[in-house]
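J.: Count along the sequence shown from 1, then add 654; that gives the number in the working numbering. Below are the structure tokens for one structure; questions will follow.
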Amino acid sequence: MSTLLPFLVIENTCTQALTLVNEKLTEAGFRTVQTFDLQTARLAHLGCQCPHHGTSDCNCQMVILLVYGRQDDPATLIIHSQDEKTGLSLSGPMGDHATQNLGAAIRRILVSQISHASAPMELTYEPRT
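Laid out in structure tokens, this is it:
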């Protein structure tokens, strides 16, 4: 999983989580723009080993979405999956109150909506040996 602390972890693939996130945020009046896809980026780097699996055969995925509310500045939502467990994290400037409010609204919507659609789970970090 990402080194960012997820506010929600669900037992879904990244594709399933991305579909749910887009659906729930759109229903709530937000607009999302996907800016990054890890598996697409990996295509340019043949033989690149996954830090989690130790092989080039990797099912990890990371998608980054810009989520727009009413203000001009978006929140950055990171969807990161490994072995069919997907974490949702927010990233952005710490001192920007508008972005913090947008992030809080996104968290509230996704936790309340997705945790009912999927089985949420508590995140546990295990050091790599």
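Each residue gets a CB set at the ideal place from its N, CA and C atoms; glycine is no exception. Keep in mind the model is a prediction, meaning the values are calculated, not measured.
1) So, with DSSP's three-state summary, where would you put H734?
2) Within 10 angstroms of its Cβ, does S745 collect 16 or more other Cβ (buried), or is it exposed?
3) Just the Cα atoms here: how many angstroms apart are E776 and L731?
4) Just the C-alpha distance for L692 and I664, rounded to the nearest angstrom, thanks.
5) Where do the ends of the alpha helix (DSSP H) carrying R724 lie?
6) Hey, out of L662, C668, V765 and G683, whose CA is closest to Q725's CA?
7) The beta strand (DSSP E) that contains L744, what's its start and end?
8) Which ranges does the alpha helix (DSSP H) cover as unbroken runs of at least 4 residues, wholly within the region 666 to 699, from first to last along the chain?
9) Roughly how many whole angstroms lie between the Cα atoms of Y768 and T689?
10) Near L756, what residues of its chain come up, given a Cβ to Cβ distance below 6 Å and the 5 sequence neighbours on each side ignored?
11) Return the residue from the list Q703, R685, S743 and C668 that minimises the CA-CA distance to F661.
12) Rounded to whole angstroms, what's the CA-CA distance from N666 to A758? Just pull it up for me.
T.: By the coordinates alone:
1) Stepping through the sequence shown from its first residue, residue 734 is reached at position 80. In the structure shown, H734 sits in a strand (DSSP, three-state: E or B).
2) Working through the sequence shown from its first residue, we reach residue 745 at position 91. So S745 ends up on the exposed side.
3) As a working note, residue 776 is residue 122 in the sequence shown. As a working note, residue 731 is residue 77 in the sequence shown. In this prediction, E776 has a pLDDT of 44, which is less than 50 and means its spatial position is unreliable; what the coordinates show is noted afterwards. One C-alpha to the other measures close to 19 Å.
4) As a first step, residue 692 is located in the sequence shown; it is residue number 38 there, counting from the start. As a first step, residue 664 is located in the sequence shown; it is residue number 10 there, counting from the start. Their backbone Cα atoms lie some 19 Å apart in a straight line.
5) For the purposes of this step, residue 724 is taken as the residue at position 70 of the sequence shown. No residue range can be given for R724, since it is assigned to no alpha helix (DSSP H) and is classified by DSSP as neither H nor E.
6) By one-based count along the sequence shown, residue 725 stands at place 71. Checking every option, the nearest Cα to that of Q725 belongs to G683.
7) What you label residue 744 is simply residue 90 of the sequence shown in a count that begins at 1. That run of the beta strand (DSSP E) goes K739 to S745.
8) 668 to 681 and 692 to 696
9) Taking the first residue of the sequence shown as position 1, residue 768 is located at position 114. Taking the first residue of the sequence shown as position 1, residue 689 is located at position 35. According to the sequence shown, residue 768 is Ile rather than Tyr. Going by the C-alpha atoms only, they are around 22 Å apart.
10) Residue 756 sits at position 102 when you count from the first residue of the sequence shown. Once the five neighbours on either side are set aside, the close Cβ partners of L756 are G723 and A729.
11) Numbered from 1 along the sequence shown, position 7 holds the residue referred to as residue 661. Ranking Q703, R685, S743 and C668 by Cα distance to F661 puts S743 first.
12) Walking along the sequence shown from the start, residue 666 turns up at place 12. Walking along the sequence shown from the start, residue 758 turns up at place 104. C-alpha separation (whole angstroms): 23 Å.
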